[in-house]
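Colleague: Taking the numbering used here, the leading residue of the sequence shown gets 40, the next gets one more, and so forth. Think of the CB as a built atom: it goes at the ideal place given N, C-alpha and C, for glycine as much as any other residue.
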Amino acid sequence: GAPAVAELRRLLESEEPTNVRAEAIMALGRIGGPSEPSVKDLIDLLADGDDRLRREAIVALGLIGDAARKPLLVAAHSNAELARAGAIEALGKVGVSNPGDVDIIITSTNDEKSLVRAAAIASLSKINLPDDKRKKILVESLADSEPSVRLAVVNALADDRKLLLSIERELVELLTADDDGVAWHAAFLLQRTGHDAATVLLEVATEDDARVGQLGRALSLIGSLITPELFAAMGHPNPRVRRTAAFALGEIRPIQADTATLLASGLDDEDPTVQLACLEAIGRLGSNGRGTLAAVRFKLDHHSAQMRTAAIDVVSRIAMRDSNLMEDLIKMAGDHDLSVQCRAIEA
Numbered sequence: 040g041a042p043a044v045a046e047l048r049r050l051l052e053s054e055e056p057t058n059v060r061a062e063a064i065m066a067l068g069r070i071g072g073p074s075e076p077s078v079k080d081l082i083d084l085l086a087d088g089d090d091r092l093r094r095e096a097i098v099a100l101g102l103i104g105d106a107a108r109k110p111l112l113v114a115a116h117s118n119a120e121l122a123r124a125g126a127i128e129a130l131g132k133v134g135v136s137n138p139g140d141v142d143i144i145i146t147s148t149n150d151e152k153s154l155v156r157a158a159a160i161a162s163l164s165k166i167n168l169p170d171d172k173r174k175k176i177l178v179e180s181l182a183d184s185e186p187s188v189r190l191a192v193v194n195a196l197a198d199d200r201k202l203l204l205s206i207e208r209e210l211v212e213l214l215t216a217d218d219d220g221v222a223w224h225a226a227f228l229l230q231r232t233g234h235d236a237a238t239v240l241l242e243v244a245t246e247d248d249a250r251v252g253q254l255g256r257a258l259s260l261i262g263s264l265i266t267p268e269l270f271a272a273m274g275h276p277n278p279r280v281r282r283t284a285a286f287a288l289g290e291i292r293p294i295q296a297d298t299a300t301l302l303a304s305g306l307d308d309e310d311p312t313v314q315l316a317c318l319e320a321i322g323r324l325g326s327n328g329r330g331t332l333a334a335v336r337f338k339l340d341h342h343s344a345q346m347r348t349a350a351i352d353v354v355s356r357i358a359m360r361d362s363n364l365m366e367d368l369i370k371m372a373g374d375h376d377l378s379v380q381c382r383a384i385e386a
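Spelled out as structure tokens, the structure:
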């Protein structure tokens with residue numbers, strides 16, 4: 040308790056080993072309010088180059104609570120990026136309700152430094168803010184060019200299904216954003232809304248600027264409960280939808296009984312890109328795709344070098360113990376295309 044604060048403060052000196060200083064910081068946080076004399080010491084550590092000490096100082100200041108609020112508000116205006124970001128994040132842990140204090144956090148979501156913006160987003164969910172204003176800031180920040188800021192948004196939204204459903208339209212619009220990272224984070228958040236997101240993601244797959252791989256990955260995260268929708272999508276008239284469904288089926292675990300058979304049928308699709316997507320998906324099934332071996336072997340004679348290369352990979356994955364595998368690979372090592380030869384030799 041309080042009698043230990045003075046000695047713990049002494050242990051914060053830079054001459055002490057990092058682990059000792061970190062434990063002292065944690066202890067001061069656990070003591071809470073009586074650690075008020077250490078607030079200035081801890082705020083100084085917000086700009087420390089050691090990330091562990093800095094993170095522990097943020098947590099400790101949050102645990103000390105209201106006694107740290109005013110000094111943190113001052114530090115939130117620091118010229119030092121690390122100190123400013125740490126103060127903003129710690130304020131969220133302390134909790135602020137005064138409109139002026141809340142504005143500091145809101146304003147920081149537009150800070151020139153991404154570290155500060157990410158800290159402000161992390162604190163946003165801990166302050167009293169109307170839902171419409173919170174949503175607007177989060178959606179705008181989800182389009183941020185910095186991954187750390189977008190990840191802070193993902194952390195803020197991932198488990199709030201109600202809020203996610205309220206911004207579904209905005210998430211759908213971001214699925215075709217120019218930035219791959221923005222599009223992926225939007226897809227990830229959309230799948231968190233559950234089963235109904237499958238329909239939305241498959242609809243977006245029809246658009247020329249949609250990213251099939253990202254949509255398929257997001258669909259796979261929803262899980263096996265959407266397998267019927269994916270099976271149906273394998274018959275969709277748009278090849279982009281069929282490719283998206285094939286990608287997801289190759290990723291979903293546990294693997295459903297008819298998945299391999301359905302993907303094997305896709306190897307005869309009229310669209311070569313769908314054939315390739317099905318082939319790659321079968322490869323991701325591993326030994327569970329062994330029943331498709333005959334259909335996959337047929338692709339070793341395909342006119343496309345890309346298809347033959349993919350077939351080598353898939354045969355190697357699903358039939359490691361097959362007695363004819365070595366014969367297949369030796370044959371492909373004599374292919375007229377150098378890239379196919381190399382892949383066969385590597386396999």
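Once you ignore the five residues that flank Ala-383 on each side, which residues in its own chain have a CB closer than 6 Å to its CB?
Modeller: Excluding residues within five positions, the ones whose Cβ falls inside 6 Å are Ile-351, Leu-368, Met-371 and Ala-372.
Colleague: Going along the chain, which residues of its own chain have a beta-carbon closer than 6 Å to the beta-carbon of Ala-157, five neighbours each way excluded?
Modeller: Result list for Ala-157: Ser-187, Val-188 and Ala-191, in chain order.
Colleague: Can you tell me whether Asp-87 is buried or exposed? The criterion is at least 16 other CB atoms within 10 Å of its CB, across all chains shown.
Modeller: When all chains shown are included, Asp-87 counts as buried.
Colleague: Kindly give me the distance between the Cβ atoms of Phe-286 and Gly-252, rounded to whole angstroms, as I take these residues to be in contact under 8 Å.
Modeller: Going by Cβ atoms, the distance from Phe-286 to Gly-252 rounds to 6 Å, so yes, they are a contact pair.
Colleague: Name the residue from Glu-52, Pro-73 and Thr-348 whose alpha carbon lies nearest to the alpha carbon of Val-44.
Modeller: Cα-wise, what sits closest to Val-44 is Pro-73.
Colleague: Please report the distance separating the alpha-carbon of Pro-311 from that of Gly-330.
Modeller: Distance between the alpha carbons of Pro-311 and Gly-330 is about 22 Å.
Colleague: Quick one: what does DSSP say Arg-360 is sitting in, helix, strand or coil?
Modeller: Coil at Arg-360, not helix or strand.
Colleague: Would you grab the beta carbon distance between Ile-166 and Gly-131 for me? Rounded to a whole angstrom, and I think it's under 8 Å.
Modeller: Ile-166 to Gly-131, Cβ: 7 Å. Contact.
Colleague: Alpha carbon to alpha carbon, what distance is there between Val-353 and Ala-386?
Modeller: Answer to the nearest angstrom: the Cα atoms are 10 Å apart.
Colleague: How is the alpha helix (DSSP H) around Ile-176 delimited, first residue to last?
Modeller: Per DSSP, Ile-176 belongs to the alpha helix (DSSP H) from 170-181.
Colleague: Beta-carbon within less than 6 Å of Leu-102's beta-carbon, same chain only, minus the 5 sequence neighbours each way: which residues are those?
Modeller: Excluding positions up to five away in sequence, the list reads Gly-68 and Gly-71.
Colleague: Rounded to whole angstroms, what is the Cα-Cα separation between Arg-256 and Glu-290?
Modeller: One C-alpha to the other measures close to 7 Å.
Colleague: Leaving out five residues before and five after Ser-263 in sequence, what residues of the same chain have Cβ atoms less than 7 Å from its Cβ?
Modeller: Closer than 7 Å at the Cβ level, and outside the excluded window around Ser-263, lie Ile-291, Pro-293 and Gln-295.
Colleague: Which word fits Arg-93, buried or exposed, when buried means at least 16 other C-beta atoms lie within 10 angstroms of its C-beta?
Modeller: Label assigned to Arg-93: buried.
Colleague: What are the boundary residues of the alpha helix (DSSP H) that Lys-132 is part of?
Modeller: Where Lys-132 is concerned, the enclosing alpha helix (DSSP H) stretches over 120-133.
Colleague: How should Val-113 be labelled, buried or exposed, when 16 other C-beta atoms within 10 angstroms of its C-beta is the threshold for buried?
Modeller: Val-113 is exposed by the Cβ-count criterion.
Colleague: Does Ala-372 come out as helix, strand or coil in the three-state DSSP assignment?
Modeller: Residue state, collapsed to three classes: coil.
Colleague: Should Arg-283 be labelled buried (16 or more other beta-carbon atoms within 10 Å of its own) or exposed?
Modeller: For the sequence presented, residue 283 should be read as Thr rather than Arg. Counting Cβ neighbours within 10 Å, Thr-283 comes out buried, since at least 16 surround it.
Colleague: Beta-carbon within less than 6 Å of Ala-225's beta-carbon, same chain only, minus the 5 sequence neighbours each way: which residues are those?
Modeller: Leu-210, Leu-213 and Leu-214.
Colleague: Would you say Ala-63 and Leu-51 are within 8 Å of each other, going by their C-beta atoms?
Modeller: Yes; because the gap between Cβ atoms is below 8 Å, this pair is in contact.
Colleague: Return helix, strand or coil for Leu-392, following the three-state DSSP convention.
Modeller: Given a span of 40 to 386 for the chain in the structure shown, any question on residue 392 remains unanswerable.
Colleague: Mapping the DSSP letters down to three states, classify Pro-293 as helix, strand or coil.
Modeller: Three-state DSSP puts Pro-293 in coil, outside helix and strand.
Colleague: Short of 8 Å in beta carbon distance, which residues of its chain neighbour Thr-57, apart from the five on each side in sequence? Order them along the chain.
Modeller: Closer than 8 Å at Cβ, skipping near neighbours: Asp-89, Arg-91 and Leu-92.
Colleague: Taking all protein chains shown into account, do 16 or more other C-beta atoms lie within 10 angstroms of the C-beta of Lys-338, making it buried, or fewer, making it exposed?
Modeller: The residue is buried, with at least 16 neighbouring Cβ atoms inside 10 Å.
Colleague: Of the residues Ile-160, Leu-202 and Arg-200, which one's Cα is nearest the Cα of Ala-182?
Modeller: The shortest Cα separation from Ala-182 among Ile-160, Leu-202 and Arg-200 belongs to Ile-160.
Colleague: In the structure shown, what three-state DSSP assignment does Glu-55 receive?
Modeller: The answer is coil: DSSP assigns Glu-55 none of H, G, I, E or B.
Colleague: Select from Thr-245, Asp-307, Glu-179 and Ile-321 the residue whose C-alpha is nearest the C-alpha of Ala-272.
Modeller: When each option's Cα is compared against that of Ala-272, the closest is Thr-245.
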